[in-house]
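*Asks:*
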Amino acid sequence: MDELTAKRIQEEDKKLKDYVEKKNGKSVEELYAEREKRVMDAVQGKVPDRVPVVFGGTFFAMK
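Here numbering that gives the first Met the number 0 is used: the first residue of the sequence shown is 0, the next is one more, and so on.
1) Which of the three DSSP states is assigned to Q9 in this structure?
2) Is DSSP giving D1 helix, strand or coil here?
3) Would you report the Cα separation of E28 and K21, rounded to the nearest angstrom?
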């Protein structure tokens, strides 16, 4: 990957991050922590604030 392509990717990532933060009023780190807590609460049998939904077949139930 050349330097120009890497710079474009970084610029696009920054734009997307800014958009998400503006839309939600929180940093991407805060949003990630909320999602992580939501999933961990569901895994531990606690009641999450919202029901986490994961699409795809890469996860399976474990005892």
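The beta carbon of each residue, even a glycine, is placed where N, CA and C say it ideally should be. A quick note: this is a predicted structure, and the numbers were derived from the prediction, not measured.
*Replies:* On the basis of the supplied data:
1) helix
2) coil
3) 13 Å
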